[in-house]
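Take 186 as the starting number for the sequence shown in the numbering used here and just add one per residue. Here the structure comes first, spelled out in structure tokens, and everything after it is commentary.
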Amino acid sequence: MTAYRFYAGDIGVYALAAFSYALPRWTSRLAHQWSTTMARRPFTLAASTAVAAAALAASFATHASAQEFRIETDVFIGEEETSASHSVTLFEKSAVYEFNENPGEIIVYRPGDEGRPAQFILLDLASQQRTDVEADRVEKLMGKLSQWAASHKDPLIQFSAAPKFDESYDQQSGVLTLSSPQWTYKAATIEAEDAAVLERYQDFIDRYTKLSTMLQNAPPPGPRLSLNAALARHGVVPVEIQRTTGGDDKNAVRATHLFSWRLSREDRARLDEAQTFLANFEKVDNEAFIAARTQKDKPVVRGQSN
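Right, here's the structure in full:
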């Protein structure tokens, strides 16, 4: 089986200002990386225990009407007991803020409305720089990436362009499975009793899945988007997800996420600090932001991603 690893900060990934020009260089580098290294793509929303699942169900009943909530995320690779990444995602009234510890960064998502397109704002805490990325430009790049992957000789890359899963959902247990020889998701879920909260979550996750593909030099986001769609069809949210590729359980990735339907004082302080960063960080174009990140050249494992 081919092994994979994806790195953040690749210059072709972030070059949204000139993505049509950058794509051939990017895909060439991806093909080389995918043929020699191991994929470590985390994914979204899981709670670590049955107790957490029960607490989440109770929270839906009590706080479903609240538009503000938080998700604390840890991602585990294989059988490792120490998390590979930790992040906190805060859904405040008008935007979503994800705070990542390694690398030190904040990703802000602002949904589109009349006269304003949806966008991401990426804040690098080390360089004190920010760059703005329109979500529509991410969509266009994903389309080009999928076209490239559809004719790739590697079966896993090709599958990710247009995935086809066998889907099963046990309503009594809440277990949702999407399976194929190339890629498998197994998710424990509970019902989302508030449609508005579920819709907001789904909008963010779909957008973030695509952004994360770029941040990680990953294959097209088709598999994760398929899981997102299945969750939406069943009106559920995941409390635990395990993802394996190529039937290799040793490289399985598990994400644990703790939900809270209130923002704490600490959360409010984080949001205030993020607002200060937004106002004061140097605004640079995508190319300059890429260059600063590329110098770090370290593997990254993300939480709220695909």
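By construction, the Cβ of each residue, glycine as well, lies at the ideal position given by its N, Cα and C atoms. Every value quoted in this text rests on a predicted model; they were computed, and no experiment measured them.
- As the crow flies, the alpha-carbon of residue 375 is around 26 angstroms from that of residue 279.
- Closest by C-alpha distance to residue 346, out of 410, 288, 268, is 410.
- Residue 404 counts as buried, since at least 16 other C-beta atoms from the protein chains shown sit within 10 angstroms of its C-beta.
- Judged by DSSP secondary structure, residue 271 falls within the beta strand (DSSP E) whose first and last residues are 270 to 276.
- Taking all protein chains in view, the Cβ of residue 348 is crowded by 16 or more other Cβ atoms within 10 Å, so the residue is classified as buried.
- The shortest C-alpha to C-alpha distance from residue 478 to any of 300, 307, 298, 270 is the one to 307.
- The three-state reading of DSSP puts residue 331 in helix, counting H, G and I together.
- Measuring C-alpha to C-alpha distances from residue 289 to each of 391, 266, 408, 309 identifies 309 as the nearest.
- Of the residues 269, 281, 460, 437, the one whose Cα lies closest to the Cα of residue 393 is 281.
- In the structure shown, the three-state DSSP call for residue 447 is coil.
- In the DSSP assignment, residue 395 falls within the alpha helix (DSSP H) that extends over 380 to 400.
- When C-alpha distances from residue 286 are compared across 296, 270, 356, 326, the shortest belongs to 270.
- The criterion of a C-beta distance shorter than 8 angstroms is not satisfied by residue 462 and residue 314.
- Between residue 373 and residue 423, the C-beta spacing is below 8 angstroms.
- DSSP places residue 418 in the uninterrupted alpha helix (DSSP H) bounded by 407 to 419.
- DSSP links residue 285 through a beta bridge to 272, 290.
- Judged by pairs of C-beta atoms under 8 angstroms, the segment 356 to 370 touches the segment 429 to 445, as three or more such pairs exist.
- For residue 469, the three-state secondary structure derived from DSSP is coil.
- The count of Cβ pairs closer than 8 angstroms, one atom from the segment 355 to 363 and one from the segment 407 to 421, reaches three, so the stretches are in contact.
- Residue pairing by DSSP places residue 361 opposite 354, 372 in a beta bridge.
- Following the DSSP letters along the chain, one finds residue 307 inside the beta strand (DSSP E) bounded by residues 304 to 309.
- The alpha-carbon of residue 400 is positioned some 25 angstroms away from that of residue 452.
- Taking the CA atoms as reference points, residue 398 sits about 13 angstroms from residue 320.
- Look at residue 324 here: in three-state DSSP terms it is helix.
- At the C-beta level, residue 294 and residue 389 come within 8 angstroms of one another.
- Using a 10 angstroms sphere on the CB of residue 468, the tally of other CB atoms stays under 16, which defines it as exposed.
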